[in-house]
Structures are given as C-alpha cells and as structure tokens.
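Note that full-length UniProt numbering has the sequence shown beginning at 1, numbered continuously upward.
Using N, Cα and C, we set each Cβ at its ideal position, and we do this for glycine too.
Predicted model, so just to flag it, every value in this text is computed and none were measured.
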Amino acid sequence: VLGNVCGLISDALRDVIVHYIFRSSL
C-alpha cells in the first residue's frame, strides 16, 4: 500500500511540476 501511495504522490507531483513549467513557459 505504501508503494502505491508513493507512486500516486509522485504522479501528482509530476503533473503539478509539468503544469507549472508549461504555464511559466507561456
């Protein structure tokens, strides 16, 4: 379960980072 939670947080974090970079690049 812990690994699944870590993976979920990692995916969410990646989405936020990518969104932030995409937005600041515009």
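Query, Result
"Alpha-carbon spacing of VAL5 relative to ARG14, whole angstroms", "14 Å"
"Length of the line joining the Cα atoms of ILE17 and ARG23", "10 Å"
"Three-state secondary structure (DSSP) of LEU26", "coil"
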